[in-house]
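For the sequence shown, full-length UniProt numbering begins at 1 and goes up steadily by one. All residues carry an ideal CB built from backbone N, CA and C; glycine is no exception. On a predicted model such as this, the values are computed, not experimentally measured, just so you know. Contents: one structure, followed by commentary.
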Amino acid sequence: MRIRIHRGTKEIGGTCVELEADGGRILLDLGLPLDGDADEVSIHPSVDGLAGGGDLLALILSHGHVDHWGLAHLAGPDLPVALGAATHRILKAAAPFVPRPYVPARPIEFSSGAMMQFGPFRVTPHLVDHSAYDAYALEVEAGGRRLFYSGDIRAHGRKAALFERLVAHPPRSIDVMLMEGSSFGRLSPDHVFPTEIEVEQRLVDLLQATDGLALVAASAQSIDRMVSLYRACKRTGRTLIIDLYAAEILRATGNSNIPQSDWPNVAVYVPQYQRIQIKRSGRFDLLDPHKTNRVFVERLEDLAPRAAMLFRPAMLRDLDHAGCLSGARAIWSQWMAISNRNAVSPSSPSFTHAVSRSTTPIPPATPAFLT
(Lines of atoms letter the chains of each structure in order from A and count residues from 1; the text may use other names and numbers.)
(Lines give C-alpha, C1' and ligand atoms only; values in the text may rest on other atoms or scores of the structure.)
Protein backbone atom coordinates (compact mmCIF):
# COMPACT_ATOMS: atom_id res chain seq x y z
CA MET A 1 0.00 0.00 0.00
CA ARG A 2 1.27 3.45 -0.92
CA ILE A 3 0.10 6.63 0.84
CA ARG A 4 -0.05 10.16 -0.49
CA ILE A 5 -1.19 12.98 1.79
CA HIS A 6 -2.48 15.73 -0.49
CA ARG A 7 -3.63 18.16 2.19
CA GLY A 8 -4.09 18.40 5.94
CA THR A 9 -0.52 18.70 7.20
CA LYS A 10 0.63 21.95 8.82
CA GLU A 11 -2.91 23.31 8.50
CA ILE A 12 -6.32 22.82 10.06
CA GLY A 13 -8.73 21.10 7.73
CA GLY A 14 -8.48 20.35 4.05
CA THR A 15 -7.79 16.69 4.74
CA CYS A 16 -7.26 14.48 1.69
CA VAL A 17 -5.36 11.17 1.74
CA GLU A 18 -4.88 8.97 -1.32
CA LEU A 19 -4.15 5.26 -0.96
CA GLU A 20 -2.88 3.01 -3.79
CA ALA A 21 -2.54 -0.77 -3.85
CA ASP A 22 -2.55 -3.44 -6.55
CA GLY A 23 -3.56 -1.04 -9.31
CA GLY A 24 -6.46 0.57 -7.44
CA ARG A 25 -6.82 3.80 -5.49
CA ILE A 26 -9.19 5.30 -2.92
CA LEU A 27 -9.45 8.71 -1.25
CA LEU A 28 -10.00 9.28 2.44
CA ASP A 29 -11.80 12.64 2.75
CA LEU A 30 -11.69 15.59 0.38
CA GLY A 31 -11.91 18.61 2.64
CA LEU A 32 -11.81 22.37 2.32
CA PRO A 33 -9.05 24.08 4.35
CA LEU A 34 -10.40 26.14 7.22
CA ASP A 35 -9.53 29.44 5.54
CA GLY A 36 -9.94 28.18 1.98
CA ASP A 37 -12.19 29.15 -0.91
CA ALA A 38 -13.72 26.17 -2.71
CA ASP A 39 -13.37 28.00 -6.04
CA GLU A 40 -9.64 28.61 -5.58
CA VAL A 41 -8.00 26.12 -7.96
CA SER A 42 -4.65 26.29 -6.15
CA ILE A 43 -6.07 24.42 -3.16
CA HIS A 44 -7.63 21.64 -5.22
CA PRO A 45 -5.65 18.41 -4.72
CA SER A 46 -4.18 16.86 -7.85
CA VAL A 47 -5.82 13.44 -7.91
CA ASP A 48 -5.74 11.46 -11.15
CA GLY A 49 -9.20 10.44 -12.29
CA LEU A 50 -11.03 12.48 -9.68
CA ALA A 51 -13.43 13.91 -12.24
CA GLY A 52 -13.99 10.49 -13.81
CA GLY A 53 -12.27 7.52 -15.40
CA GLY A 54 -9.06 5.86 -14.30
CA ASP A 55 -8.53 3.51 -11.39
CA LEU A 56 -9.95 5.68 -8.60
CA LEU A 57 -12.42 3.38 -6.88
CA ALA A 58 -14.13 5.50 -4.23
CA LEU A 59 -14.11 8.57 -2.01
CA ILE A 60 -14.72 7.73 1.65
CA LEU A 61 -15.85 10.53 3.96
CA SER A 62 -15.06 10.14 7.65
CA HIS A 63 -17.70 12.63 8.82
CA GLY A 64 -19.84 15.60 7.87
CA HIS A 65 -17.61 18.60 8.59
CA VAL A 66 -16.75 20.79 5.62
CA ASP A 67 -13.00 20.53 6.27
CA HIS A 68 -13.41 16.85 5.38
CA TRP A 69 -15.92 17.04 2.49
CA GLY A 70 -15.81 20.67 1.29
CA LEU A 71 -14.12 19.81 -2.03
CA ALA A 72 -16.08 16.61 -2.65
CA HIS A 73 -17.97 18.38 -5.43
CA LEU A 74 -14.80 17.99 -7.50
CA ALA A 75 -15.45 14.25 -7.67
CA GLY A 76 -17.15 13.09 -10.84
CA PRO A 77 -20.78 11.95 -10.61
CA ASP A 78 -19.83 8.33 -11.32
CA LEU A 79 -17.38 8.04 -8.42
CA PRO A 80 -18.89 6.14 -5.46
CA VAL A 81 -18.87 8.19 -2.26
CA ALA A 82 -19.05 6.20 0.97
CA LEU A 83 -20.29 7.94 4.12
CA GLY A 84 -22.23 7.21 7.28
CA ALA A 85 -25.97 6.78 6.81
CA ALA A 86 -26.81 9.61 9.23
CA THR A 87 -24.14 11.84 7.65
CA HIS A 88 -25.84 11.31 4.29
CA ARG A 89 -29.22 12.27 5.74
CA ILE A 90 -27.77 15.37 7.41
CA LEU A 91 -26.12 16.55 4.18
CA LYS A 92 -29.47 16.16 2.40
CA ALA A 93 -31.30 17.97 5.20
CA ALA A 94 -28.83 20.88 5.12
CA ALA A 95 -28.93 21.28 1.32
CA PRO A 96 -31.97 23.62 1.07
CA PHE A 97 -30.46 26.03 3.60
CA VAL A 98 -26.73 26.34 2.90
CA PRO A 99 -25.04 28.34 0.12
CA ARG A 100 -22.87 25.47 -1.17
CA PRO A 101 -24.75 22.23 -0.56
CA TYR A 102 -23.25 18.85 -1.30
CA VAL A 103 -25.08 15.55 -1.68
CA PRO A 104 -23.19 12.71 -3.41
CA ALA A 105 -24.59 11.43 -6.69
CA ARG A 106 -23.55 7.81 -5.97
CA PRO A 107 -23.72 7.39 -2.19
CA ILE A 108 -22.75 4.22 -0.37
CA GLU A 109 -24.02 4.33 3.21
CA PHE A 110 -22.02 2.53 5.88
CA SER A 111 -22.26 1.80 9.60
CA SER A 112 -19.76 1.11 12.35
CA GLY A 113 -17.99 -2.23 12.10
CA ALA A 114 -19.40 -3.14 8.68
CA MET A 115 -16.48 -3.86 6.33
CA MET A 116 -16.61 -2.49 2.76
CA GLN A 117 -14.63 -3.77 -0.22
CA PHE A 118 -13.31 -1.45 -2.93
CA GLY A 119 -11.07 -3.46 -5.25
CA PRO A 120 -8.08 -4.53 -3.13
CA PHE A 121 -9.12 -2.30 -0.21
CA ARG A 122 -11.03 -3.59 2.81
CA VAL A 123 -12.35 -0.59 4.76
CA THR A 124 -13.91 -0.88 8.23
CA PRO A 125 -15.45 2.22 9.85
CA HIS A 126 -15.28 2.70 13.63
CA LEU A 127 -17.75 5.13 15.23
CA VAL A 128 -15.90 7.77 17.30
CA ASP A 129 -16.66 10.66 19.63
CA HIS A 130 -16.66 13.98 17.77
CA SER A 131 -18.71 17.16 17.58
CA ALA A 132 -19.95 15.98 14.17
CA TYR A 133 -22.68 13.40 14.49
CA ASP A 134 -21.96 10.00 12.90
CA ALA A 135 -18.16 10.45 12.74
CA TYR A 136 -15.82 7.56 12.01
CA ALA A 137 -12.22 6.47 12.12
CA LEU A 138 -11.30 4.23 9.19
CA GLU A 139 -9.32 0.99 9.23
CA VAL A 140 -7.95 0.12 5.78
CA GLU A 141 -6.31 -3.14 4.72
CA ALA A 142 -4.70 -3.75 1.31
CA GLY A 143 -1.53 -5.26 -0.11
CA GLY A 144 -0.75 -7.03 3.14
CA ARG A 145 -0.67 -3.74 5.08
CA ARG A 146 -3.08 -2.14 7.53
CA LEU A 147 -3.65 1.59 8.03
CA PHE A 148 -5.68 3.33 10.72
CA TYR A 149 -7.00 6.82 9.93
CA SER A 150 -8.43 8.62 12.94
CA GLY A 151 -10.56 11.16 11.12
CA ASP A 152 -11.51 13.70 13.78
CA ILE A 153 -11.64 12.24 17.26
CA ARG A 154 -12.07 13.48 20.82
CA ALA A 155 -12.63 12.06 24.30
CA HIS A 156 -14.74 14.69 26.09
CA GLY A 157 -18.12 14.49 24.35
CA ARG A 158 -21.25 12.55 25.22
CA LYS A 159 -19.83 9.52 23.40
CA ALA A 160 -16.50 9.54 25.23
CA ALA A 161 -17.00 5.83 25.94
CA LEU A 162 -16.27 5.20 22.25
CA PHE A 163 -12.80 6.67 22.68
CA GLU A 164 -12.15 4.63 25.81
CA ARG A 165 -13.31 1.48 24.03
CA LEU A 166 -11.02 2.20 21.09
CA VAL A 167 -8.04 2.67 23.40
CA ALA A 168 -8.88 -0.48 25.36
CA HIS A 169 -9.52 -2.57 22.23
CA PRO A 170 -7.61 -1.02 19.31
CA PRO A 171 -7.47 -2.51 15.82
CA ARG A 172 -4.70 -5.10 15.66
CA SER A 173 -1.55 -5.26 13.55
CA ILE A 174 -1.68 -1.66 12.33
CA ASP A 175 1.34 -0.68 10.24
CA VAL A 176 0.59 3.04 9.89
CA MET A 177 -1.64 5.41 11.85
CA LEU A 178 -2.68 8.80 10.47
CA MET A 179 -4.05 11.15 13.13
CA GLU A 180 -5.00 14.80 13.02
CA GLY A 181 -3.37 16.99 15.65
CA SER A 182 -4.98 20.41 15.34
CA SER A 183 -4.44 21.04 19.07
CA PHE A 184 -0.81 19.89 19.21
CA GLY A 185 1.55 22.80 19.89
CA ARG A 186 -1.35 25.24 19.96
CA LEU A 187 -2.53 24.73 23.52
CA SER A 188 -0.67 24.72 26.81
CA PRO A 189 0.34 21.25 28.07
CA ASP A 190 -2.04 21.52 31.02
CA HIS A 191 -5.04 22.61 28.93
CA VAL A 192 -8.11 20.47 29.54
CA PHE A 193 -11.25 20.67 27.40
CA PRO A 194 -14.51 20.76 29.37
CA THR A 195 -16.67 17.68 29.11
CA GLU A 196 -20.10 18.05 27.59
CA ILE A 197 -21.58 17.55 31.07
CA GLU A 198 -19.54 20.54 32.26
CA VAL A 199 -20.70 22.54 29.24
CA GLU A 200 -24.29 21.72 30.14
CA GLN A 201 -23.76 22.99 33.69
CA ARG A 202 -22.15 26.18 32.39
CA LEU A 203 -25.18 26.74 30.18
CA VAL A 204 -27.46 26.17 33.17
CA ASP A 205 -25.54 28.81 35.14
CA LEU A 206 -25.75 31.31 32.27
CA LEU A 207 -29.46 30.71 31.69
CA GLN A 208 -30.20 31.16 35.39
CA ALA A 209 -28.31 34.47 35.35
CA THR A 210 -30.25 35.78 32.32
CA ASP A 211 -33.43 37.81 32.81
CA GLY A 212 -34.53 37.81 29.19
CA LEU A 213 -34.04 35.77 26.06
CA ALA A 214 -30.81 33.77 25.86
CA LEU A 215 -29.36 33.89 22.35
CA VAL A 216 -27.09 30.86 21.99
CA ALA A 217 -24.77 30.86 18.96
CA ALA A 218 -24.00 27.20 18.33
CA SER A 219 -23.93 24.84 15.38
CA ALA A 220 -27.12 22.88 14.83
CA GLN A 221 -24.95 20.06 13.49
CA SER A 222 -23.11 19.78 16.82
CA ILE A 223 -25.66 17.32 18.14
CA ASP A 224 -23.98 16.88 21.53
CA ARG A 225 -24.21 20.65 22.04
CA MET A 226 -27.86 20.64 21.02
CA VAL A 227 -28.51 17.95 23.62
CA SER A 228 -26.65 19.99 26.24
CA LEU A 229 -28.64 23.11 25.37
CA TYR A 230 -31.95 21.23 25.49
CA ARG A 231 -31.08 19.68 28.85
CA ALA A 232 -29.99 23.08 30.22
CA CYS A 233 -33.30 24.58 29.09
CA LYS A 234 -35.24 21.76 30.70
CA ARG A 235 -33.33 22.16 33.97
CA THR A 236 -34.01 25.91 34.06
CA GLY A 237 -37.63 25.82 32.92
CA ARG A 238 -36.93 27.44 29.56
CA THR A 239 -38.24 26.63 26.10
CA LEU A 240 -35.62 25.89 23.47
CA ILE A 241 -36.47 27.79 20.28
CA ILE A 242 -34.87 26.40 17.13
CA ASP A 243 -35.19 27.44 13.51
CA LEU A 244 -36.30 25.26 10.60
CA TYR A 245 -32.73 24.36 9.63
CA ALA A 246 -31.96 23.05 13.11
CA ALA A 247 -35.26 21.17 13.22
CA GLU A 248 -34.42 19.42 9.94
CA ILE A 249 -30.88 18.55 11.09
CA LEU A 250 -32.17 17.03 14.33
CA ARG A 251 -34.77 15.04 12.41
CA ALA A 252 -32.10 13.78 10.00
CA THR A 253 -30.17 12.09 12.81
CA GLY A 254 -32.88 9.43 12.85
CA ASN A 255 -32.26 9.10 16.59
CA SER A 256 -35.33 9.17 18.83
CA ASN A 257 -33.12 10.07 21.81
CA ILE A 258 -32.06 13.37 20.20
CA PRO A 259 -34.32 16.41 20.88
CA GLN A 260 -36.92 16.88 18.16
CA SER A 261 -39.17 19.74 17.15
CA ASP A 262 -42.29 18.09 18.60
CA TRP A 263 -40.78 17.48 22.05
CA PRO A 264 -42.06 19.36 25.10
CA ASN A 265 -40.04 22.50 25.85
CA VAL A 266 -39.12 22.89 22.16
CA ALA A 267 -40.53 25.49 19.77
CA VAL A 268 -39.79 26.11 16.10
CA TYR A 269 -39.54 29.67 14.80
CA VAL A 270 -38.95 30.19 11.09
CA PRO A 271 -37.11 33.53 10.69
CA GLN A 272 -37.82 35.81 7.78
CA TYR A 273 -34.73 34.86 5.78
CA GLN A 274 -35.69 31.18 5.95
CA ARG A 275 -39.26 31.96 4.91
CA ILE A 276 -37.81 33.73 1.87
CA GLN A 277 -35.62 30.70 1.12
CA ILE A 278 -38.63 28.40 1.28
CA LYS A 279 -40.74 30.63 -0.95
CA ARG A 280 -37.99 30.90 -3.57
CA SER A 281 -37.29 27.16 -3.59
CA GLY A 282 -40.90 26.07 -3.28
CA ARG A 283 -39.92 23.70 -0.45
CA PHE A 284 -43.04 24.24 1.64
CA ASP A 285 -42.93 20.53 2.45
CA LEU A 286 -40.11 21.28 4.90
CA LEU A 287 -42.59 22.98 7.23
CA ASP A 288 -45.01 20.07 7.62
CA PRO A 289 -42.95 17.84 9.98
CA HIS A 290 -42.43 20.74 12.39
CA LYS A 291 -45.88 22.34 12.63
CA THR A 292 -46.72 20.85 16.06
CA ASN A 293 -44.66 23.33 18.07
CA ARG A 294 -44.23 26.10 15.52
CA VAL A 295 -44.45 29.61 16.94
CA PHE A 296 -44.83 32.88 15.07
CA VAL A 297 -43.31 36.28 15.67
CA GLU A 298 -46.30 37.45 17.71
CA ARG A 299 -45.47 34.94 20.47
CA LEU A 300 -41.76 35.68 20.79
CA GLU A 301 -42.08 38.60 23.21
CA ASP A 302 -44.14 36.49 25.60
CA LEU A 303 -41.78 33.51 25.33
CA ALA A 304 -38.53 35.50 25.61
CA PRO A 305 -38.05 35.62 29.41
CA ARG A 306 -38.51 31.85 29.58
CA ALA A 307 -36.66 30.81 26.43
CA ALA A 308 -33.28 30.19 24.87
CA MET A 309 -32.95 30.54 21.12
CA LEU A 310 -30.46 28.86 18.83
CA PHE A 311 -29.28 32.03 17.23
CA ARG A 312 -27.67 33.59 14.16
CA PRO A 313 -27.11 37.34 13.62
CA ALA A 314 -29.55 37.28 10.68
CA MET A 315 -32.33 36.71 13.22
CA LEU A 316 -31.71 39.96 15.12
CA ARG A 317 -34.03 42.09 13.00
CA ASP A 318 -36.89 39.65 13.62
CA LEU A 319 -36.19 39.65 17.35
CA ASP A 320 -35.90 43.43 17.53
CA HIS A 321 -39.18 43.94 15.71
CA ALA A 322 -40.79 41.42 18.05
CA GLY A 323 -39.65 43.48 21.04
CA CYS A 324 -38.04 40.54 22.79
CA LEU A 325 -34.44 41.75 23.32
CA SER A 326 -34.94 43.45 26.67
CA GLY A 327 -32.70 41.70 29.18
CA ALA A 328 -31.34 39.39 26.49
CA ARG A 329 -27.92 37.79 26.71
CA ALA A 330 -25.77 36.46 23.85
CA ILE A 331 -23.86 33.24 24.55
CA TRP A 332 -21.20 31.99 22.13
CA SER A 333 -20.80 28.25 22.12
CA GLN A 334 -18.52 27.71 19.12
CA TRP A 335 -14.88 27.06 18.39
CA MET A 336 -13.15 30.45 18.03
CA ALA A 337 -11.63 29.66 14.62
CA ILE A 338 -15.02 28.69 13.22
CA SER A 339 -16.67 31.73 14.79
CA ASN A 340 -14.09 34.06 13.28
CA ARG A 341 -14.40 32.46 9.84
CA ASN A 342 -18.18 32.67 9.86
CA ALA A 343 -18.18 36.18 11.39
CA VAL A 344 -20.40 34.95 14.20
CA SER A 345 -18.73 36.37 17.29
CA PRO A 346 -19.33 39.23 19.72
CA SER A 347 -16.97 41.51 17.79
CA SER A 348 -17.93 40.46 14.27
CA PRO A 349 -19.10 43.25 11.93
CA SER A 350 -22.35 41.46 11.13
CA PHE A 351 -23.30 41.11 14.79
CA THR A 352 -22.12 44.60 15.81
CA HIS A 353 -24.01 46.15 12.89
CA ALA A 354 -27.17 44.24 13.71
CA VAL A 355 -27.01 45.17 17.39
CA SER A 356 -26.39 48.84 16.56
CA ARG A 357 -29.62 48.85 14.55
CA SER A 358 -31.56 47.20 17.35
CA THR A 359 -33.79 49.52 19.39
CA THR A 360 -33.03 47.47 22.53
CA PRO A 361 -29.27 46.94 22.75
CA ILE A 362 -28.18 43.51 23.91
CA PRO A 363 -25.95 43.52 27.01
CA PRO A 364 -22.28 42.66 26.43
CA ALA A 365 -22.08 39.13 25.12
CA THR A 366 -20.93 36.43 27.46
CA PRO A 367 -18.25 34.44 25.62
CA ALA A 368 -18.77 30.72 25.91
CA PHE A 369 -16.31 29.15 23.53
CA LEU A 370 -17.00 25.69 24.88
CA THR A 371 -15.45 23.36 22.32
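Looking at the structure shown, is Tyr-133 part of a helix, part of a strand, or coil, going by DSSP?
-> coil
Apart from the five residues just before and just after Ala-93, which ones in its own chain have a Cβ nearer than 6 Å to its Cβ?
-> Glu-248, Ile-249 and Ala-252
Just grab the DSSP bridge partners of Leu-27 for me.
-> Glu-18 and Leu-59
Assign Asn-257 to one of two classes, buried (16 or more other C-beta atoms within 10 Å of its C-beta) or exposed (fewer than that).
-> exposed
Count the other CB atoms within 10 Å of the CB of Phe-118; is the residue buried (16 or more) or exposed (fewer)?
-> buried
Given a threshold of 16 other Cβ atoms within 10 Å of its Cβ, counted over all protein chains shown, does Gly-157 qualify as buried or as exposed?
-> buried
Report the rounded CA-to-CA distance for Phe-193 versus Leu-244, giving the unit in angstroms.
-> 31 Å
Under a three-way DSSP split, which group does Phe-121 fall into?
-> strand
If we count the other Cβ atoms within 10 Å of its Cβ and call it buried at 16 or more, is Met-115 buried or exposed?
-> exposed
Between which two residues does the alpha helix (DSSP H) carrying Ala-214 extend?
-> Where Ala-214 is concerned, there is no enclosing alpha helix (DSSP H), although the beta strand (DSSP E) it sits in stretches over 214 to 217.
Looking at the structure shown, is Trp-69 part of a helix, part of a strand, or coil, going by DSSP?
-> helix
Is Pro-99 close to chain C, meaning its C-beta is less than 9 Å from at least one C-beta of that chain?
-> Any reference to chain C falls outside this structure, which holds one protein chain only.
Can you tell me whether Glu-40 is buried or exposed, with buried defined as 16 or more other CB within 10 angstroms of its CB?
-> exposed
Unbroken alpha helix (DSSP H) run spanning Phe-163, endpoints | 160 to 168
With a threshold of 16 other CB atoms inside 10 Å of the CB of Phe-284, please say whether the residue is buried or exposed.
-> exposed
Unbroken beta strand (DSSP E) run spanning Arg-7, endpoints | 2 to 7
Measure from the alpha carbon of Ile-60 to the alpha carbon of each residue in Thr-239, Gly-237 and Val-123, then state which is nearest.
-> Val-123
Determine the direct distance from the alpha carbon of Met-1 to that of Val-344, and round the result to whole angstroms.
-> No answer about Val-344 holds up, because its pLDDT of 49 lies below 50 and its placement is not dependable.
If you count every other CB in all the chains shown that lies within 10 Å of the CB of Glu-298, and 16 or more means buried, which is it?
-> exposed
Tell me the DSSP bridge mates of Leu-229?
-> DSSP output for Leu-229 lists no bridge partner at all.
Leu-138 to Pro-45 span [Cα, whole Å] = 21 Å
Contact belief for Pro-264 with Met-226 at Cβ below 8 Å, rounded distance in angstroms = 16 Å between Cβ atoms; not a contact.
Residues that DSSP places opposite Ser-222 in a beta bridge = Ala-132
Arg-106 and Pro-125 look like a contact to me (Cβ under 8 Å); what is the Cβ gap, rounded to whole Å?
-> With a Cβ gap of about 18 Å, Arg-106 and Pro-125 do not count as contacting.
Pairwise C-alpha distance: Pro-170 and Asp-55 = 31 Å
Relative to the C-alpha of Lys-159, which residue among Val-103, Leu-32, Asp-129 and Asp-152 is closest?
-> Asp-129
With contact counted as at least three CB pairs below 8 Å, one residue from each stretch, are the stretch 303 to 314 and the stretch 226 to 241 in contact?
-> yes
Hey, is the stretch 61 to 75 in contact with the stretch 83 to 100, meaning 3+ C-beta pairs nearer than 8 Å?
-> yes
What are the partner residues of Gly-13, as DSSP defines its beta bridges?
-> Pro-33
With a threshold of 16 other CB atoms inside 10 Å of the CB of Ala-168, please say whether the residue is buried or exposed.
-> exposed
Measure how close the beta-carbons of Tyr-269 and Leu-300 come, nearest whole angstrom, since I'm counting them as under 8 Å.
-> 7 Å
How big is the Cα-Cα spacing for Val-295 and Lys-279?
-> 18 Å
Please state if the CB of Gly-23 and the CB of Val-17 are separated by a distance shorter than 9 Å.
-> no
Helix, strand or coil for Ala-86, going by three-state DSSP, please let me know.
-> helix
When you compare each of Glu-20, Leu-32 and Glu-164 to Asp-48 by their alpha carbons, which one comes out closest?
-> Glu-20
Indicate the three-state DSSP secondary structure (helix, strand or coil) for Val-297 in the structure shown.
-> helix
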